[in-house]
Amino acid sequence: MRRIGVITSGGDCGGLNAVIKGVAREAFALGIESVVIPHGYAGLYNLINLDQVVFLNAERVSKIEASLAGSEAGHSRVKISKIADPHKYERIKDGLKKFGIDALVISGGDDTGSVVVDLSSQGIPCVHVPKTMDLDLQSYSVGGDSAINRIAVFGRDLKTTGMSHNRILVIEVFGRYVGHTAFRGGVGAEADAILIPEVPVDFDILYEHMKTTFFARIERSDVKAGTYIIIVAEGIKNVSGDMLYDESIPPDAFGHKKLAGAGKYVRQQLEKRL
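See the structure below:
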């Protein structure tokens, strides 16, 4: 193997630039060249049309800031299996052959992983670097730590806002059908309640805990200030097992439900019990 192509796919997150740098440096140590295939799978499909590719040599890699979110390689919301071209895999292989690329290192989430399987079945060697802020692929994935840290920081920062106005704050975070980032980020934020898909929500219990805790804090405070923080994962369910989200929001480009509106639903349920 003489040359590999690096692809980042799906949504951007923290850690992707570190992946690019890490792959390039390890490849260099093994005597393998690495190049960027820009703009995810759209770039892979259109690789044949490019005049040149960017080589990840020492000078270029030194310009990549690993601590910044996003990706120097770019992204696109394209799934190879959805491309109507019946000769798409031959086109991809021709593009790889044009630039002498022997294998691919692809960082992305579950959709990206399914495409990696498709490409591998077509004889294109691939390595998948799991990337998801939802942490729904494995116990550790690129982007997970950054997401958890952000949730923790924002949650803590909002406490002073809540106390300034004696407010109950509902913070909705992502995670699709799992609550790993919400739970771990909520613990870091010292949230009063963390609602996750794995544990159906009983709003009567939540309301009683909120009311007792909130008013007790105000009573104990010498300036009569208090707050109550609720971290809500987007895929939460009620005690009947029904997923709670805004059904008026259309699906995303891949046909997935956009699990938005859970925080609004929680607020409405608590307001009904006031």
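Residue numbers (our numbering): 13 to 286. All residues carry an ideal CB built from backbone N, CA and C; glycine is no exception.
Out of curiosity, what's the CA-to-CA distance linking residue i and residue j?
{"i": "alanine 203", "j": "serine 74", "result": "39 angstroms"}
{"i": "glycine 34", "j": "lysine 143", "result": "14 angstroms"}
{"i": "leucine 68", "j": "leucine 28", "result": "15 angstroms"}
{"i": "arginine 279", "j": "isoleucine 243", "result": "12 angstroms"}
{"i": "phenylalanine 166", "j": "alanine 39", "result": "37 angstroms"}
{"i": "lysine 236", "j": "arginine 179", "result": "12 angstroms"}
{"i": "histidine 192", "j": "threonine 239", "result": "24 angstroms"}
{"i": "isoleucine 217", "j": "isoleucine 113", "result": "58 angstroms"}
{"i": "glutamate 231", "j": "alanine 159", "result": "34 angstroms"}
{"i": "glycine 198", "j": "arginine 188", "result": "16 angstroms"}
{"i": "threonine 124", "j": "alanine 115", "result": "16 angstroms"}
{"i": "glutamate 84", "j": "serine 151", "result": "26 angstroms"}
{"i": "valine 139", "j": "tyrosine 277", "result": "40 angstroms"}
{"i": "lysine 110", "j": "glutamine 64", "result": "10 angstroms"}
{"i": "glycine 135", "j": "leucine 59", "result": "17 angstroms"}
{"i": "valine 66", "j": "isoleucine 49", "result": "8 angstroms"}
{"i": "arginine 103", "j": "leucine 207", "result": "46 angstroms"}
{"i": "serine 233", "j": "aspartate 148", "result": "40 angstroms"}
{"i": "alanine 70", "j": "asparagine 61", "result": "26 angstroms"}
{"i": "alanine 36", "j": "asparagine 250", "result": "46 angstroms"}
{"i": "isoleucine 248", "j": "glutamate 210", "result": "8 angstroms"}
{"i": "aspartate 97", "j": "methionine 175", "result": "57 angstroms"}
{"i": "aspartate 106", "j": "glycine 155", "result": "32 angstroms"}
{"i": "tyrosine 53", "j": "serine 132", "result": "14 angstroms"}
{"i": "leucine 42", "j": "isoleucine 118", "result": "18 angstroms"}
If I measure Cβ to Cβ from residue i and keep anything under 6 angstroms in the same chain, skipping five residues before and after, which residues do I get?
{"i": "phenylalanine 186", "result": "Glu246"}
{"i": "glycine 275", "result": "Val182, Glu184, Val244"}
{"i": "histidine 51", "result": "Gly86, Ser88"}
{"i": "leucine 108", "result": "none"}
{"i": "tyrosine 101", "result": "Gln134"}
{"i": "alanine 164", "result": "Gly197, Gly200, Ala201"}
{"i": "glycine 55", "result": "Ile49"}
{"i": "arginine 229", "result": "Gly238"}
{"i": "glycine 120", "result": "Ser21, Gly22, Lys143"}
Taking residue i as the reference, give the member of the options with the closest Cα.
{"i": "isoleucine 76", "options": "Asp123, Val31, Glu184", "result": "Val31"}
{"i": "threonine 172", "options": "Arg196, Ala201, Asp148, Gly156", "result": "Ala201"}
{"i": "proline 137", "options": "Glu283, Gly17, Leu42, Asp157", "result": "Gly17"}
{"i": "serine 79", "options": "Lys100, Cys25, Val190, Ile118", "result": "Cys25"}
{"i": "valine 128", "options": "Arg103, Ala194, Ile92", "result": "Ile92"}
{"i": "isoleucine 241", "options": "Met255, Thr225, Tyr53", "result": "Thr225"}
{"i": "leucine 282", "options": "Asn250, Met222, Asp234, Met255", "result": "Met222"}
{"i": "lysine 94", "options": "Ser126, Ala41, Gly120", "result": "Ser126"}
{"i": "valine 141", "options": "Leu131, Asp130, Ser153, Ser132", "result": "Ser153"}
Bridge partners for residue i per DSSP, in chain order?
{"i": "histidine 140", "result": "Ile118"}
{"i": "valine 185", "result": "Ala245"}
{"i": "valine 154", "result": "Lys143"}
{"i": "asparagine 347", "result": "What the structure shows of the chain is the stretch from 13 to 286, and residue 347 is not part of that stretch, so it cannot be assessed."}
{"i": "alanine 205", "result": "Ile242"}
Here's a check: name, in chain order, each residue in its chain whose Cβ is nearer than 8 angstroms to the Cβ of residue i, leaving out the five neighbours to either side.
{"i": "serine 252", "result": "Pro212"}
{"i": "arginine 285", "result": "Phe215, Asp216, Tyr219"}
{"i": "isoleucine 44", "result": "Met13, Arg14, Arg15, Ile16"}
{"i": "phenylalanine 227", "result": "Gly238"}
Ordered list of alpha helix (DSSP H) runs contained in the region 211-244, each at least 4 residues:
Assignment of alpha helix (DSSP H) within the region 211-244, counting only whole runs of 4 or more residues, yields 215-232 in chain order.
Curious, which full-length beta strand (DSSP E) runs of at least 3 residues does the region 91-129 contain?
115-120
Give, in chain order, every unbroken run of the alpha helix (DSSP H) that is at least 4 residues long and sits entirely within the region 15-99.
28-41, 52-57, 70-74
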